[in-house]
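These notes concern the structure reproduced below.
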Ligand code: GLU
């Protein structure tokens, strides 16, 4: 293979948190780098000094880490092509602006440096995803009336413009592929003209599909959470958000929708990304999250659910780790998010939410009589084990002319305060005899 090593970059402006669109772009760059054994570079485009902050730079890095995307070069880890913040690369932008000025390809006006947009040059963006896009150079940059517009490369304040800095940096950092959102297609011809004028080889381009909300409008704040951390707070796993974002425009084929990072890396192909706009569908995210929750390691699951229990005012630290893990294992595939899982399993952590939901006012005096007889015997069963409990309950009901439901439903309500739960005898076994006694006594089902 004569193809150059893959070097790709994610180039966020630190003017906000890592949002869904940025995370999507970063993820596809990362996948391509890892797939090809190349380098994934983080470059901070902080030339907008007023809006860029160190805090946003940190949040973006934290967001990438949360998603499990690691970078090989960047402002924090360094690398052979640094510095990795545009604000620290001013000499470079000045140097090439001088070159363009010397060659008469640019001129100064009011302290700014302006590139002369050439006319009559046929450009073709050979986009890996969108295919060939042809454009004449005089259409690359136009005024409102359609006339050719020269391109500002250094502003009056000395700062480079995006279209210029991106070209200088992608060249200087030896970037082989520019993978970014489709909203940058319109900038690409301007950038190609600059590559040409500077005599540089162009990287390959791949523009990623637009992400739409379910209403088919461009994804925005109106559609809900935009920063990746909001998804964390809503109870979505990093693995699921990774999986879900990868599905926006790509899939490994064979109908496979659930995968981990390694599997995605193994099957990723940039040429398989489709240009059709991808729809951000929360139902799909819920499904993907639930699938990942199902197979999650119990230790990790417990660690991830714990803060959500605390948010509900519960104190998981009062219990042994193993008990909490067993509770979550028993919950099985219940809950689409870790937040829901925490809610649905609250009764394992504390009795108080049960009391808030249930007051036994549905129980008639006659029913209570039956329940008291049953639970008196139930509580003194020799072995506190779900299988024996169920067998005992069945026998008792048969002998006493009752149905299993008559005792099992009140038991479920008394233990969980919920209509649905895992098998009630399994819940009872895990809660333990003492705790069950306390709960049944509270509702006056036992003396
Ligand atoms: N800083 C640009 C942005 O945030 C980078 C675009 C590019 O990848 O060229 O959109």
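Numbering (the numbering used here), first residue to last: 18 to 464.
Each residue gets a CB set at the ideal place from its N, CA and C atoms; glycine is no exception.
Can you tell me whether residue 446 is buried or exposed, with buried defined as 16 or more other CB within 10 angstroms of its CB?
It is buried - the Cβ of residue 446 has at least 16 other Cβ atoms within 10 Å.
When you compare the CB positions of residue 245 and residue 37, do they come within less than 9 Å of one another, or not?
For residue 245 and residue 37, yes; Cβs fall inside 9 Å.
Relative to the alpha-carbon of residue 100, which residue among 185, 134 and 166 has its alpha-carbon at the smallest distance?
When each option's Cα is compared against that of residue 100, the closest is 185.
Proximity test, residue 147 beta-carbon vs the ligand GLU heavy atom, cut-off 8 Å:
No, the ligand GLU has no heavy atom inside 8 Å of this Cβ.
Say the cut is 8 Å; is the CB of residue 42 nearer than that to a heavy atom of the ligand GLU?
Taking 8 Å as the cut-off, one finds at least one heavy atom of the ligand GLU near enough to the beta carbon of residue 42.
Boundaries of the alpha helix (DSSP H) in which residue 150 is found, first to last residue:
Residue 150 -> not in any alpha helix (DSSP H); beta strand (DSSP E) instead, spanning 148 to 153.
Give me the residue from 55, 270, 312 and 232 with the minimum Cα distance to residue 257.
Relative to residue 257, the option among 55, 270, 312 and 232 whose CA is nearest is 312.
Whole-angstrom Cβ separation of residue 158 and residue 166, contact assumed at under 8 Å?
Rounded, the Cβ-Cβ distance is 5 Å, consistent with contact.
Would you call the stretch 328 to 336 in contact with the stretch 353 to 367, where contact means no fewer than 3 C-beta pairs closer than 8 Å?
A contact exists between the stretch 328 to 336 and the stretch 353 to 367.
What does a CB cutoff of less than 6 Å around residue 128 pick up in its chain, not counting 5 residues either side in sequence?
The residues are 173.
Count the C-beta pairs between the stretch 82 to 91 and the stretch 45 to 58 that are closer than 8 Å, then say yes if the count reaches three, no if not.
The stretch 82 to 91, when compared against the stretch 45 to 58, does touch it at the 8 Å Cβ threshold.
So, for residue 309: in the same chain, excluding its five sequence neighbours on each side, which residues have a beta-carbon less than 8 Å away from its beta-carbon?
Within the same chain, 254, 256, 257, 260 and 275 come within 8 Å of residue 309 by CB-CB distance, once the 5 residues on both sides are set aside.
Looking at C-alpha atoms only, which residue of 134, 74, 125 and 66 is the closest neighbour of residue 107?
Among 134, 74, 125 and 66, the Cα nearest to that of residue 107 belongs to 66.
May I ask you to report which of helix, strand or coil DSSP gives residue 375?
DSSP places residue 375 in coil when its eight states are reduced to three.
Please check the pair residue 113 and residue 215, which I expect to be a contact at CB under 8 Å, by giving their CB distance rounded to whole angstroms.
That pair is a contact at about 6 Å.
Run the CB neighbour count on residue 457, radius 10 Å, all protein chains shown included, and call it buried at 16 or more, exposed below.
Taking a 10 Å sphere around the C-beta of residue 457, we find 16 or more other C-beta atoms and assign the residue as buried.
Go through the residues and name those whose CB comes closer than 5 Å to any heavy atom of the ligand GLU, in chain order.
Residues lining the ligand GLU by the Cβ criterion, that is a Cβ closer than 5 Å to any of its heavy atoms, are 28, 30, 62, 183 and 197 in chain order.
Check the C-beta distance from residue 226 over to residue 193 and give it rounded, since I have them as a contact under 8 Å.
Contact flag wrong, Cβ pair sits at about 21 Å.
Between residue 286 and residue 52, is the Cβ-Cβ spacing less than 9 Å?
A contact, by the Cβ cut-off of 9 Å.
Would you call residue 19 buried or exposed, if buried means 16 or more other Cβ atoms sit within 10 Å of its Cβ?
Below a pLDDT of 50, predicted positions are generally treated as unreliable, and residue 19, at 45, falls in that range; the measurement from the model is reported next regardless. Exposed, since its Cβ has fewer than 16 Cβ neighbours within 10 Å.
Write down every uninterrupted run of the alpha helix (DSSP H) in the stretch 334 to 362 whose length is 4 residues or greater and which is fully enclosed by it, in chain order.
If we require 4 residues or more, the alpha helix (DSSP H) runs fully inside the stretch 334 to 362 come out as 338 to 348 and 355 to 361.
Mind checking which residues open and close the beta strand (DSSP E) that includes residue 24?
Boundaries of the beta strand (DSSP E) harbouring residue 24: 24 to 27, taken from the DSSP string.
Rounded to whole angstroms, what's the CA-CA distance from residue 217 to residue 48? Just pull it up for me.
Approximately 26 Å between the Cα atoms of the pair.
Please report how far the alpha carbon of residue 270 lies from the alpha carbon of residue 278, in whole angstroms.
Distance between the alpha carbons of residue 270 and residue 278 is about 15 Å.
Between residue 410 and residue 354, what straight-line distance do the alpha-carbon atoms span, to the nearest angstrom?
Looking at the two C-alpha atoms, the distance is approximately 34 Å.
Sort out for me which residues DSSP pairs residue 54 with in a bridge.
According to DSSP, residue 54 bridges with nothing at all.
Just curious, the beta strand (DSSP E) that residue 124 is in, first and last residue?
Annotation for residue 124: the continuous beta strand (DSSP E) segment containing it runs 123 to 126.
Taking only runs of the beta strand (DSSP E) that begin and end inside the stretch 186 to 217, which ones reach a length of at least 3 residues, in chain order?
Within the stretch 186 to 217, complete beta strand (DSSP E) segments of at least 3 residues are found at 194 to 198, given in chain order.
Threshold first: 4 residues or longer. Then list the alpha helix (DSSP H) segments lying entirely within the stretch 219 to 265, N to C.
Whole alpha helix (DSSP H) segments, 4+ residues: 245 to 250 and 255 to 263.
Check the DSSP bridge columns for residue 84 and list the partner residues they point to.
Bridge partners of residue 84: none, in fact.
Since residue 142 is in the beta strand (DSSP E), which residue starts that stretch and which ends it?
Annotation for residue 142: the continuous beta strand (DSSP E) segment containing it runs 139 to 144.
Rounded to the nearest angstrom, what separates residue 429 and residue 441 at their Cα positions?
Note on geometry: alpha-carbon atoms of residue 429 and residue 441 lie some 6 Å from one another.
Pick out whichever of 25, 461 and 111 has its Cα sitting closest to the Cα of residue 44.
Residue nearest to residue 44 within the set 25, 461 and 111 is 25 (criterion: CA-CA distance).
With distances taken between CB atoms, is the gap from residue 342 to residue 361 smaller than 9 Å?
Cβ atoms of residue 342 and residue 361: not closer than 9 Å.
Contact set for residue 393: own chain, Cβ-Cβ below 8 Å, skip 5 residues either direction:
Correct list, in chain order: 463 and 464.
Please list the terminal residues of the continuous alpha helix (DSSP H) segment that includes residue 391.
Residue 391 -> alpha helix (DSSP H) spans 382 to 396.
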